[in-house]
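There are 4 protein chains.
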Amino acid sequence: MSGCPYFQKRDVLFQSRQQQKDEGERDDSQDGTNKASKGGIIYGDYLQLDKIVTAQTLQSELKGNKIHDEHLFIVTHQAYELWFKQILWELDSVRDIFISGHVRDERNMLKVTTRTHRIVMIFRLLVDQFAVLETMTALDFFDFREYLSPASGFQSLQFRLLENKIGVPDNQRVPYNRRHYRDNFRGEDSELLLSSEEEPTLLQLVEKWLERTPGLEENGFNFWGKLEANIAVGLKREREKLETKPESEDKDEQMAEFTKQREVLESLFDEKRHDHLMSKGERRLSYKALQGALMIYFYREEPRFQVPFQLLTSLMDIDTLMTKWRYNHVCMVHRMIGSKAGTGGSSGYHYLRSTVSDRYKVFVDLFNLATFLVPRHWVPKLNPTEHPFLFTADTCCDSSYCSSVSDDSD
Amino acid sequence: MSGCPYFQKRDVLFQSRQQQKDEGERDDSQDGTNKASKGGIIYGDYLQLDKIVTAQTLQSELKGNKIHDEHLFIVTHQAYELWFKQILWELDSVRDIFISGHVRDERNMLKVTTRTHRIVMIFRLLVDQFAVLETMTALDFFDFREYLSPASGFQSLQFRLLENKIGVPDNQRVPYNRRHYRDNFRGEDSELLLSSEEEPTLLQLVEKWLERTPGLEENGFNFWGKLEANIAVGLKREREKLETKPESEDKDEQMAEFTKQREVLESLFDEKRHDHLMSKGERRLSYKALQGALMIYFYREEPRFQVPFQLLTSLMDIDTLMTKWRYNHVCMVHRMIGSKAGTGGSSGYHYLRSTVSDRYKVFVDLFNLATFLVPRHWVPKLNPTEHPFLFTADTCCDSSYCSSVSDDSD
Amino acid sequence: MSGCPYFQKRDVLFQSRQQQKDEGERDDSQDGTNKASKGGIIYGDYLQLDKIVTAQTLQSELKGNKIHDEHLFIVTHQAYELWFKQILWELDSVRDIFISGHVRDERNMLKVTTRTHRIVMIFRLLVDQFAVLETMTALDFFDFREYLSPASGFQSLQFRLLENKIGVPDNQRVPYNRRHYRDNFRGEDSELLLSSEEEPTLLQLVEKWLERTPGLEENGFNFWGKLEANIAVGLKREREKLETKPESEDKDEQMAEFTKQREVLESLFDEKRHDHLMSKGERRLSYKALQGALMIYFYREEPRFQVPFQLLTSLMDIDTLMTKWRYNHVCMVHRMIGSKAGTGGSSGYHYLRSTVSDRYKVFVDLFNLATFLVPRHWVPKLNPTEHPFLFTADTCCDSSYCSSVSDDSD
Amino acid sequence: MSGCPYFQKRDVLFQSRQQQKDEGERDDSQDGTNKASKGGIIYGDYLQLDKIVTAQTLQSELKGNKIHDEHLFIVTHQAYELWFKQILWELDSVRDIFISGHVRDERNMLKVTTRTHRIVMIFRLLVDQFAVLETMTALDFFDFREYLSPASGFQSLQFRLLENKIGVPDNQRVPYNRRHYRDNFRGEDSELLLSSEEEPTLLQLVEKWLERTPGLEENGFNFWGKLEANIAVGLKREREKLETKPESEDKDEQMAEFTKQREVLESLFDEKRHDHLMSKGERRLSYKALQGALMIYFYREEPRFQVPFQLLTSLMDIDTLMTKWRYNHVCMVHRMIGSKAGTGGSSGYHYLRSTVSDRYKVFVDLFNLATFLVPRHWVPKLNPTEHPFLFTADTCCDSSYCSSVSDDSD
């Protein structure tokens, strides 16, 4: 490579190829061998382009009034569906790792995090993709819109599957024209949706995994018990400090704020309140899982929790990006059809607007946990000797050190 | 709408649907009618999803060693091809408007600019799209790479068509493994490529259009003649001003710089030099077209040139984004295969690197025109009375207005 | 340039500089002259970097508890403020062109559109910018959050100015802790806000400009009168066609839909209803301006309306991006503080959520106009001879043609 | 919260605030307390906006010829510098963790990876940011360009510091107008640069860290020795398999390809060749560090290597994004000034183009390692009992688990 300046010569320069050949230089960029003649698969067949790039049939053209922009409309939606397929592929693989219990082998955590993060990256692209469709104006859309009825984006099977598999609960869904969302699908599609509702959702699988968070064992590290005790002590001290201050309007306010904060923090340990919020759909994770999530938050820097913490972050990213996607969709629809009905007969803008809601945020608990953060020195201390479960083997297994701790390892 | 608070209630709130119904409120978001049962086309059929989302066959799975990430590889490339199809659709429509002479009806300029701008927006998305594929690491790729041979991105028919139709000239192409690029395609594909080379390219069509720029007529406004004269006067004055300065090192330097600038500007009017640069591929637009482009640059604020100026900007955007796409592609390939050969047998990284070059910038002249800008007061003045061609009908047909401005026009 | 292969050699290659020098080749990239020693301004002084990159003082550090991530928090907000400054710069210049009446000289339309489009591009960046701040987790934020009180993003003077100058009306604003938004600012800032409320807003200026749309004159082209007549005829014909169909459930439904559509279209011509909607803030443009906007929509391809149409599109883009910005802000805040109060004492998430609303969409009428689109053949025909006002001077002024139309030009 | 429909009412709706108050509803969004009057810092002071938003002085205005677009030019560059400051902040903190040896405490790996990833996210924004500056055309730039001389982006101290601290080696830098890059800086700046060259670079620190990769110990797991042996065996078997095939042109080719592959793989173990490549700058990591990196690649799924693998990926991301930044910069400059000289007197486009090179890719070895990947079954097996260093303490310290897996480990 280093001996061949030829390739770089061509760069930027405007020499004709002939000139270059005349100069008789070698050319790195030409060092390959043609393999296409040797059998095997070629690009177009590999990607099944005969299907992909022939699947654009304009309804307007069929009706004798070909409208140029319908092609963009079709391709954009097909691109969305392609990527939904990919998201489902990643989502299913992540769910499979959880379902088969492989996530207990922590080697699989890299896969789980990487694939979850990939879903994040895809959604980021999909949010940006609206900018392309928005090059079409309301007037262009009007020209072919009548031909589409009753096709509607609501009918996207893959998007509904996606929602179900992540964990949008049936009873939180906004109905579609007063009908259950599933009644808008037929035959095999309806069955696929039903079975996706019955399979374990990502939410449920993450919940089970969080419930197993090492350190929650009451007869072990007992994180939750320790945390409750520490918070009680912390609040008591804060109150005492406040009370020593001389009376003033300022003090009254600080006390009021303190009381508010105390109520918030104490509510965290109220299991009945949790169950009540669960029943209303305001919380989605079990009480135990919530504890696991908060534990991972507080000890995220421990080697064993670093990747789990990243996973929780990616799950929030997905939730956020899905609501951003919905919101971008709403904005586009508002622009395209004003306040008219959707092609499928829905109330259009209003229906979509109603789905941009925390009701559809599956991992809403992970966001709300931010409400319950406490100062670092209130967080129960971990001692590697006593509680080695969050450390690497080297730290504790190494030499004599390991034997000393091996007795009380859980 | 305004009387219906129901829809907003649902937002953010965590009421169950049942609760809402119990409260007996109306719900804007449910005002639609189900149309899907009434015949007509539905979403999945409209988008031919039976083709689109079933076209992912993993070679690794066929060979009995299913590799998860191959699915991402396939979907990403299919998404690229879908968007290439859309770009070709826009490109062909723009070329058709030019070919059929419809662009002489200036009503079509909005279409031309909008569609060209849409290509820009799509390429922007395609450049970002690499971020998704880059979630796959070299190690993941290695696991299925052997199954792909000899498929290669080089074989993308649509991308080659795209290059040809925009106007990448055959003699500027980097060969592929020492063979003419077209020899890597077979049968019908090869013919499609050949015919795309024979059709008028976007570059050629824009060239013809630029040559017709109103104001170039030597017996009319004679922009080129006036500009040459103005530049000569301008340079002369600048030189005179410089010469009055007392001798100093500084003056010498300014004089040297002035001489350099003068040479650059004078070269603009050297048609022979232009033809020489054309023959080497360093310029691509005819001498006349170059004049038209510069004229649009200088008078871009005149009503009639506003949209043409936007078009020239979009053409540069496309060029820029195509080289950014190539460069992003190179970066990804470097990461995936290091300095190994490509799957198609090319020299991989080196081949691709060689195509990130101004040789592939079709509208390179539009960029280089920036070299020839002059102060605004050197630009020949336009007078609406004498030269109404750049104005709206109102401006000049309204007799009273016309006469009133004719006196004090600068 | 073409004779110098040196520069390209260096590319990709790993030769040391010394090697290259030994080979004695010329180097295009080194052809410049050092000017920095000759006086004049240098980079750092030009950009006043002594101010810009020294303005990061961590409150946490001042309080003796330096938190790494506070630096990101500061820089991100400073970047927002820098860009807000730029948006105000563009916005003020656009408003000035309108205020001074310069927009009557249609040469200024390119400036207006370009600068408006630039605001769009900046907002697009600002929406993406949240992704950077989101690399900070709730826990990181918690560590320094207490030091910020009572600073709050609500206090961003520039953002409030921005809203006022675009045209968010005072009576549509969500109060901030039950106080008028302006009461949260002091002294000079409060006065700046007041005066920004009193200056003509972009909305008002666009309104005045739309009211002047050529073609609205009742004694001229009389677009509105002609449109109303055409719609009446169109609806009548549609109704007659429907009525000839044999009775059926289908027919009933189509008739119901037709009635709905007729009501919508007829409401367009109900000036009283318009005034009523205006008074409630559901419409923001005067009746005349609305007519102008719809006229530009329908005749957007006429040379004189191409750029105005782009302007209307950009105004919608700004509205959309501002609500996306708000929504992204909400999402970030939810993640950072859960459902806690904001640092400034606001209800945080809830306050922000309430501002992601059509109440804050200034150009909401431009979106809603999509509700009133009609088939192209219902749009009143323009005849260049009779109505030359939308054409270029060439079309009508040229030779004899011009004199023939000059009589009835308006 | 759930009992309060008020806030949601406001959403989308167009009720005036007065109406809402009349209805006497409670309003979640108004639950906060005003704190701004209570002392403490407010937004504008916290962000030192008196410096940030007053630092825009147009040279063109000073010279009596105010050019609108100069403001954009200033703000864009200031935004770049703000973000460079943030990148340096993250970079310095990451380097400090390495320098102080804190990275040996693996708890710090989350910080290192998160902050490195944050640099990636910032660079992604900076690459996109060019789209804003590109709304300025060459003509707009020409109008104020003369006032900037001799200021030049080359003089960005922070960007040079950034390059130095990451590890762009002095001897790989392209000179600037035939002068050492540092000679273009004066006084304190020059000293800062010199000292940044003398401090340990990120490259060097990562190198030292990679050299310590557990598993490289020759008297321990001896990864490198085992890998060399496995590759030898693997290649031998492949050769034998090939040799059994009947003679044919195909076989000859496969043999040729095999030979090529063998040479590549064998070169990996040639330390002399490595040192030679090091001396030419084609490799940057020590032989030992290279081994560590490849080991992390191959065992990335082991719990202890998951985060280190992410770090290596982020380092490549930074390299890639920095070259993309450079390339985007080149593209913008080409558009702005054609092939003219830069404002600082450099050869402009050509100088910048020459810096988009693998010479400036600091972690080029991490990319090139992709060249040396081998099938998974050639990778030496790890046994948790024998080699516990890559596992979590739980896995190996839990005696029952350890003994149970030691039998069937593969």
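Residue numbers (my numbering), protein chains in the order written: chain B, 121 to 530; chain Z, 121 to 530; chain G, 121 to 530; chain C, 121 to 530. Note that the Cβ used here is the ideal one computed from N, Cα and C, for glycine as well.
What in chain D is Cβ-close to residue i, meaning under 8 Å?
i: Val232 of chain G; result: No chain D appears in this structure, whose protein chains are B, Z, G and C.
Does the beta-carbon of residue i have 16 or more other beta-carbons within 10 angstroms, so that it is buried, or is it exposed?
i: Glu201 of chain G; result: buried
i: Leu230 of chain B; result: buried
i: Val353 of chain B; result: exposed
i: Arg244 of chain G; result: buried
i: Leu357 of chain G; result: Looking at the sequence provided, one finds Arg at residue 357 of chain G rather than Leu. Flag for Arg357 of chain G reads exposed.
i: Lys400 of chain B; result: exposed
Using a cut-off of 7 Å between C-beta atoms, extract the partners of residue i located in chain G.
i: Glu201 of chain C; result: Leu167, Leu169, Ile172, Val173
i: His197 of chain C; result: Leu167
Could you check what DSSP says for residue i in three-state terms: helix, strand or coil?
i: Ile161 of chain G; result: strand
i: Arg546 of chain B; result: Look at the range of chain B in this structure, 121 to 530, and you will see that residue 546 of chain B is not part of it.
i: Arg299 of chain Z; result: strand
i: Pro428 of chain Z; result: helix
i: Pro270 of chain C; result: strand
i: Gln249 of chain Z; result: helix
i: Arg244 of chain B; result: helix
i: Ala175 of chain Z; result: coil
i: Pro423 of chain G; result: helix
i: Asp225 of chain C; result: coil
i: Phe193 of chain Z; result: helix
i: Thr333 of chain G; result: coil
i: Met456 of chain G; result: helix
i: Gln168 of chain Z; result: coil
Measuring straight from C-alpha to C-alpha, what distance separates residue i and residue j?
i: Val499 of chain Z; j: Phe418 of chain Z; result: 7 Å
i: Ala199 of chain G; j: Glu360 of chain Z; result: 47 Å
i: Asp303 of chain G; j: Ile239 of chain C; result: 39 Å
i: Arg265 of chain G; j: Arg393 of chain B; result: 28 Å
i: Glu369 of chain C; j: Leu362 of chain C; result: 13 Å
i: Met119 of chain G; j: Val384 of chain G; result: What is shown of chain G runs 121 to 530, which leaves residue 119 of chain G out entirely.
i: Asp248 of chain G; j: Pro504 of chain Z; result: 45 Å
i: Glu391 of chain C; j: Tyr407 of chain C; result: 7 Å
i: Asn342 of chain Z; j: Thr333 of chain Z; result: 11 Å
Which chain B residues sit within Cβ distance under 9 Å of residue i?
i: Glu367 of chain C; result: Ordered by position in chain B, no residue passes the 9 Å Cβ test against Glu367 of chain C, which lies about 17 Å from the chain.
Show which residues of chain C have a CB atom less than 7 Å away from the CB atom of residue i.
i: Ile457 of chain Z; result: Ala490
So residue i contacts chain G; which residues on that side make the cut at Cβ distance below 8 Å?
i: His237 of chain C; result: Thr255
Which residues in chain Z have a C-beta closer than 9 Å to the C-beta of residue i? List them in chain order.
i: Trp445 of chain B; result: Going along chain Z, no residue has its Cβ under 9 Å from Trp445 of chain B, so there is no contact; the nearest lies around 15 Å.
Taking any Cβ of chain G, which residues in the stretch 341-362 of chain B have a Cβ under 8 Å from it, in chain order? Hits within the stretch: zero.
Taking a Cβ distance cut-off of 9 Å, strictly less, list which residues of the stretch 420-446 of chain B are near chain C, in chain order. Residues of the stretch 420-446 of chain B with a Cβ closer than 9 Å to any Cβ of chain C, in chain order: Arg420, Glu421, Glu422, Pro423, Arg424, Phe425, Gln426, Val427, Phe429, Gln430.
Can you list, in chain order, the residues of the stretch 266-293 of chain B whose Cβ is nearer than 9 Å to any Cβ on chain Z? Listed by position, the residues of the stretch 266-293 of chain B near chain Z (Cβ gap below 9 Å) are Tyr267, Leu268, Ser269, Pro270, Ala271, Ser272, Gly273, Phe274, Gln275, Ser276, Leu277, Gln278, Asn291, Gln292, Arg293.
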